[in-house]
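For the protein sequence lines, the chains are C and D, in the order given.
Counting from 16, one number per residue, gives the positions in the first sequence under my numbering.
Counting from -7, one number per residue, gives the positions in the second sequence under my numbering.
Notes follow once the structure below has been shown.
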Amino acid sequence: MRFFRKKQGIGKAGAGWSLFAGVVSLIYFFPVLWIILTAFKTRTDTLSIPPKFIFTPTFDNFIAVFYRSAASSQDAASTGFELYFFNSIFIAGTSVILALIIGTLASYGFSRHPLRGNDTYLFVILTTRMLPPIIAIIPIFLMFRLSGLSGTYIGIILLYTAFNLPFSIWMIKSFFDEISTDVEDAARMDGSRDRGVFFKICLPQVKAGLAATAVFALILTWNEFLFALLLTGTDTRTVPVQMARTLGGEIGVDWGLLAAIVTIFLIPVFAVTYMLQNHLLRGVTFGTVKK
Amino acid sequence: MSILKITGLQKSFGAITAIDGLDLTVEEGEFFALLGPSASGKTTSLRCIAGIEKPDAGQIEFEGSDVVPTPIQGRGMAMVFQAFALYPHLTTEQNLAYPLRERGIEQTEVVRRVAEIAEQLRLGHTLARKPDTLSGGEQQRVAIGRALIGRPKLLLLDEPLTNLDAKLRHDTRAEFKRLHRELGMTILYATPDELEALSMGQRIAILEQGRIRQVGTPDQLYDAPESDLVARRVGSPVINLIRGTAKANATINLPFADISGGNWARTIAGFDVNTEVLLGLRPSQLKLVEGTPGGPNFKATVELLEPLGDVTILDINAAGVEMQMVLPEAKAVGFKVGDSLEIEFDPTTSLLFAADTGTAIS
Ligand SMILES: Nc1ncnc2c1ncn2[C@@H]1O[C@H](COP(=O)(O)OP(=O)(O)OP(=O)(O)O)[C@@H](O)[C@H]1O
Ligand SMILES: [Mg+2]
Chain C
16 MRFFRKKQGI
26 GKAGAGWSLF
36 AGVVSLIYFF
46 PVLWIILTAF
56 KTRTDTLSIP
66 PKFIFTPTFD
76 NFIAVFYRSA
86 ASSQDAASTG
96 FELYFFNSIF
106 IAGTSVILAL
116 IIGTLASYGF
126 SRHPLRGNDT
136 YLFVILTTRM
146 LPPIIAIIPI
156 FLMFRLSGLS
166 GTYIGIILLY
176 TAFNLPFSIW
186 MIKSFFDEIS
196 TDVEDAARMD
206 GSRDRGVFFK
216 ICLPQVKAGL
226 AATAVFALIL
236 TWNEFLFALL
246 LTGTDTRTVP
256 VQMARTLGGE
266 IGVDWGLLAA
276 IVTIFLIPVF
286 AVTYMLQNHL
296 LRGVTFGTVK
306 K
Chain D
-7 MSILKITGLQ
3 KSFGAITAID
13 GLDLTVEEGE
23 FFALLGPSAS
33 GKTTSLRCIA
43 GIEKPDAGQI
53 EFEGSDVVPT
63 PIQGRGMAMV
73 FQAFALYPHL
83 TTEQNLAYPL
93 RERGIEQTEV
103 VRRVAEIAEQ
113 LRLGHTLARK
123 PDTLSGGEQQ
133 RVAIGRALIG
143 RPKLLLLDEP
153 LTNLDAKLRH
163 DTRAEFKRLH
173 RELGMTILYA
183 TPDELEALSM
193 GQRIAILEQG
203 RIRQVGTPDQ
213 LYDAPESDLV
223 ARRVGSPVIN
233 LIRGTAKANA
243 TINLPFADIS
253 GGNWARTIAG
263 FDVNTEVLLG
273 LRPSQLKLVE
283 GTPGGPNFKA
293 TVELLEPLGD
303 VTILDINAAG
313 VEMQMVLPEA
323 KAVGFKVGDS
333 LEIEFDPTTS
343 LLFAADTGTA
353 IS
């Protein structure tokens, strides 16, 4: 058990190491920074060599994300980006939440009430994720066609939920496995029924694990392209698919526009990860807590 | 009146038999200690009594009725777990209040009793903190408080002192006795520590490999152990058990002396000559010969000296038999390894066991 855990680490390692860490993280962050800068550049600045880091920012790219620049500028038509953006949030959000709910219940079962052959079931669940997605795409496409699911929210949400589940179950189970069953027995002796034990005792203890799982699942789902391309329709299209569509064009790739889309697209994942950051760190260091 | 009566309790985990026909009766209001080494089945016994574990066979009668079918929530018992098992995400205050809230006790009453127990266990300053910021002793008091707050009829304590340092352990022993006296509840206290069992338990059960070997007061266990195993468990330093053979005239032939005149004399008079026996001599029974020896005596060499302040423990060797003896510090002063000592003892208080079965002969 850790006693007197304090917030620590800030500045403790010394200036040299901090600088080193700063440089490394800058290298990591550079591609992201590059994209964000590009989003504010004019087409000339974007393509200039050597690249410009000091330039006059423009919001034209961001406007272009939402409005098609019609030559006759009066009837600037909507690009429909709001819809795709909403679709991305709605589809990824719903399927992550569903996977988290189902995954939590399933992994609690696997952890606390193991079946005969528990490990086999867990293994089988994971095998679906071992298949390269490209192998599954044709049968899934045909099934979606037949069942009328293609182009619907329900279809793609179900698919993403199924994709997220194996990983969620494995990850959340490891968090349930970590926590002491004595604590649950204590709660039962204190008068809690099974449901109380689950909601009041177990769930709060794996909060960090749930946050970590949610972030990883969200990132995977958020950026998924292949299935979204084939299984969503014009109404349910997600942002990655829309991004691909901007790649083609008579004037070549509009890097500024693409960068603006990506910049906007990054905001929700950034926000969620930032909000859950404290939990995340606790989730990753979970194993250090003595049972 | 007995509050808890266990008969023929049986519990296995796969091939491991944790509890093997355990019988136990605890009286109402008693401080009862369950003394057994690691893996003897202490935790499993308590878990069966509490209802966490379902026994394979046997009866557990609590207040006159069999509780084996009673769900864990309704047994009116509380337990302090070996590793405390505090709710890590709740503050001390919430930990203490949990049993009351789960039983639907009214909020004002909850607040009142939490305050009362926090006061009693000196936890006031920790109420707003979570378990991982508490010291070991504070965590343990929270665990005790959480068990006491529901006013259980039976309190199960599973090695509650094992995770504390020596000083705290000593203080807490006194604390438990005080709580027992003040609250008058029945306590079943499992421990591998003889000192804890003897100092707190009004009665003690010696547990070994999932079975009770003897139940008695500390004096009964010390003075009249029913087997060599119990004799070895109770008393520190450990009793010397010396292999010998019964001879004619109720005499026992030891490697270093012939002795007679113990309580056991009449019994062994009826034995076949050459029956193997174990003579039990407490280290404190061995005395240095001063003047003319008053009883059986022998020569021994000192092999190790362990000064403990008031007393010194000596490892000695007499005709190839290793023994321990305890001397007051003043008498051991100046002794060194290799010294030869003359030792005597009073045979009437010696214990005797059958060498094959280990049962006491008296
Ligand atoms: N859940 C379990 N699965 C398998 N074996 C178990 C389980 N619980 C206990 N045992 C075994 O049963 C025996 C008794 O264990 P128990 O925990 O009751 O001992 P104990 O006296 O409490 O020991 P300690 O002093 O080390 O806590 C041991 O051999 C142990 O390995
Ligand atoms: Mg134990």
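The beta carbon of each residue, even a glycine, is placed where N, CA and C say it ideally should be.
- Message: In the DSSP assignment, the beta strand (DSSP E) including serine 4 of chain D goes from what residue to what residue?
- Response: Membership of serine 4 of chain D in the beta strand (DSSP E) is indicated by the continuous run -6 to 5.
- Message: Please identify the residue among D/Lys122, D/Phe5, D/Pro80 whose C-alpha is closest to the C-alpha of glycine 33 of chain D.
- Response: The option with the nearest alpha carbon to glycine 33 of chain D is D/Phe5.
- Task: Assuming glutamine 257 of chain C and phenylalanine 96 of chain C form a contact by the criterion Cβ under 8 Å, report the distance between their Cβ atoms to the nearest whole angstrom.
- Result: Contact between glutamine 257 of chain C and phenylalanine 96 of chain C holds, with the beta-carbon distance rounding to 7 Å and staying under 8 Å.
- Task: Could you confirm whether any beta carbon from chain D is found closer than 8 Å to the beta carbon of alanine 201 of chain C?
- Result: Chain D has a Cβ within less than 8 Å of the Cβ of alanine 201 of chain C.
- Task: Indicate whether at least one CB of chain C lies closer than 8 Å to the CB of glutamate 94 of chain D.
- Result: For glutamate 94 of chain D, the answer is yes, since a Cβ of chain C falls inside 8 Å of its Cβ.
- Item | Proximity of isoleucine 308 of chain D and valine 329 of chain D at Cβ, strictly below 8 Å | No, Cβ-Cβ distance for isoleucine 308 of chain D and valine 329 of chain D is not below 8 Å.
- Query: Of all the CB atoms in chain C, is at least one closer than 8 Å to the CB of proline 184 of chain D?
  - Reply: No, because no Cβ of chain C sits closer than 8 Å to the Cβ of proline 184 of chain D.
- Please find out if some non-hydrogen atom of ligand 2 comes closer than 7 Å to the beta-carbon of threonine 183 of chain D. Not so, every heavy atom of ligand 2 lies at least 7 Å from the Cβ.
- Task: Could you confirm whether any beta carbon from chain C is found closer than 8 Å to the beta carbon of histidine 117 of chain D?
- Result: No, histidine 117 of chain D lies away from the interface with chain C (no Cβ there is under 8 Å from its Cβ).
- Item | Selection of the stretch 208 to 221 of chain C by Cβ proximity to chain D, strictly under 9 Å | Those residues of the stretch 208 to 221 of chain C that come within reach of chain D (Cβ to Cβ, closer than 9 Å) are Arg208, Gly211, Lys215, Ile216, Pro219, Gln220.
- Is the Cβ-Cβ distance between leucine 26 of chain D and leucine 180 of chain D less than 8 Å? Going by C-beta atoms, leucine 26 of chain D is nearer than 8 Å to leucine 180 of chain D.
- For phenylalanine 54 of chain D, the first and last residue of its enclosing alpha helix (DSSP H): First-last for phenylalanine 54 of chain D: 49 to 54, but that is the beta strand (DSSP E), not the alpha helix (DSSP H).
- Quick one: does the C-beta of glutamine 65 of chain D sit closer than 7 Å to a heavy atom of ligand 2? Glutamine 65 of chain D Cβ: outside cutoff for every heavy atom of ligand 2.
- Item | Contact list for aspartate 197 of chain C against chain D, beta-carbon separation under 7 Å | Around aspartate 197 of chain C, the beta-carbon contacts reaching into chain D at under 7 Å are Phe73, Ala75, Ala77.
- Item | For threonine 94 of chain C and tyrosine 82 of chain C, believed in contact at Cβ under 8 Å, the rounded distance | Right, their Cβ atoms sit about 6 Å apart.
- Query: Counting contacts by CB-CB distance shorter than 8 Å, is glycine 206 of chain C in contact with chain D?
  - Reply: Residue-level contact by beta carbon holds for glycine 206 of chain C and chain D, with a gap shorter than 8 Å.
- Message: DSSP three-state label for glutamine 74 of chain D, please.
- Response: In this structure, glutamine 74 of chain D counts as coil in the three-state DSSP scheme.
- beta strand (DSSP E) containing arginine 203 of chain D: first to last residue? Here the beta strand (DSSP E) through arginine 203 of chain D covers 203 to 208.
- Item | Residues bridged to tyrosine 181 of chain D [DSSP beta-bridge criterion] | In the DSSP assignment, the residues bridged to tyrosine 181 of chain D are D/Ala25, D/Leu149.
- Query: Since glutamine 112 of chain D is in the alpha helix (DSSP H), which residue starts that stretch and which ends it?
  - Reply: It spans 99 to 112 - the alpha helix (DSSP H) in which glutamine 112 of chain D sits, taken as one unbroken run.
- Message: For arginine 252 of chain C and leucine 244 of chain C, I'd like the C-alpha separation in whole angstroms.
- Response: Distance between arginine 252 of chain C and leucine 244 of chain C, taken at the CA atoms: about 8 Å.
- Does any heavy atom of ligand 1 sit closer than 7 Å to the C-beta of lysine 34 of chain D? Checking every heavy atom of ligand 1 against the Cβ of lysine 34 of chain D, one is found closer than 7 Å.
- Message: Any beta carbon from chain D within less than 8 Å of phenylalanine 19 of chain C's own beta carbon?
- Response: For phenylalanine 19 of chain C, the predicted model reports a pLDDT of 41, less than 50, meaning its position is unreliable and no value from the coordinates is stated.
- Task: Decide if lysine 159 of chain D is buried, meaning its Cβ has at least 16 other Cβ atoms within 10 Å, or exposed.
- Result: The residue is exposed, with fewer than 16 neighbouring Cβ atoms inside 10 Å.
- Query: Who are the neighbours of isoleucine 44 of chain D on chain C, taking C-beta pairs under 8 Å?
  - Reply: Identification of chain C residues near isoleucine 44 of chain D by a Cβ-Cβ cut-off of 8 Å yields Asp200, Arg203, Met204, ordered along the chain.
- Query: Contact between the stretch 167 to 185 of chain C and the stretch 106 to 121 of chain C: three or more CB pairs below 8 Å?
  - Reply: Taking a cut-off of 8 Å for Cβ pairs, the stretch 167 to 185 of chain C and the stretch 106 to 121 of chain C touch, as three or more such pairs fall below it.
- Are there 16 or more other CB atoms within 10 angstroms of the CB of serine 354 of chain D, so buried, or fewer, so exposed? Serine 354 of chain D counts as exposed, since fewer than 16 other beta carbons sit within 10 angstroms of its beta carbon.
- Query: Which one or two residues does DSSP pair with lysine 239 of chain D in a beta bridge?
  - Reply: Partner(s): D/Thr243.
- State whether the stretch 186 to 200 of chain D contacts the stretch 141 to 148 of chain D, with contact taken as three or more CB pairs (one from each stretch) at a distance under 8 Å. For the pair of segments examined, the stretch 186 to 200 of chain D was found not to touch the stretch 141 to 148 of chain D: the number of CB pairs separated by less than 8 Å stays below three.
- Distance between beta carbons of leucine 233 of chain D and leucine 280 of chain D, contact taken as under 8 Å: Approximately 22 Å separates the beta-carbon atoms of leucine 280 of chain D and leucine 233 of chain D; this is outside 8 Å, ruling out the contact.
- So, is leucine 344 of chain D buried or exposed, given that buried needs 16 or more other C-beta atoms within 10 angstroms? That one is buried.
- Can you grab the Cα-Cα spacing for the pair proline 219 of chain C / phenylalanine 190 of chain C, in whole Å? Answer to the nearest angstrom: the Cα atoms are 11 Å apart.
- First and last residue of the uninterrupted alpha helix (DSSP H) at phenylalanine 96 of chain C: Bounds of the alpha helix (DSSP H) holding phenylalanine 96 of chain C are 96 to 127.
- Task: Determine, using beta carbons only, whether phenylalanine 248 of chain D and alanine 311 of chain D come nearer to each other than 8 Å.
- Result: With a cutoff of 8 Å on beta-carbon distance, phenylalanine 248 of chain D and alanine 311 of chain D are scored as near each other.
- Grab me the residues of alanine 202 of chain C's own chain with a C-beta within less than 6 Å of its C-beta, minus the 5 sequence neighbours each way, in chain order. Taking alanine 202 of chain C as the centre and dropping the five residues before and after it, the same chain places the C-beta of Val212, Ile216 closer than 6 Å to its C-beta, in chain order.
- Message: For chain C, check one thing: does any of its Cβ atoms lie closer than 8 Å to the Cβ of tyrosine 90 of chain D?
- Response: For tyrosine 90 of chain D, the answer is yes, since a Cβ of chain C falls inside 8 Å of its Cβ.
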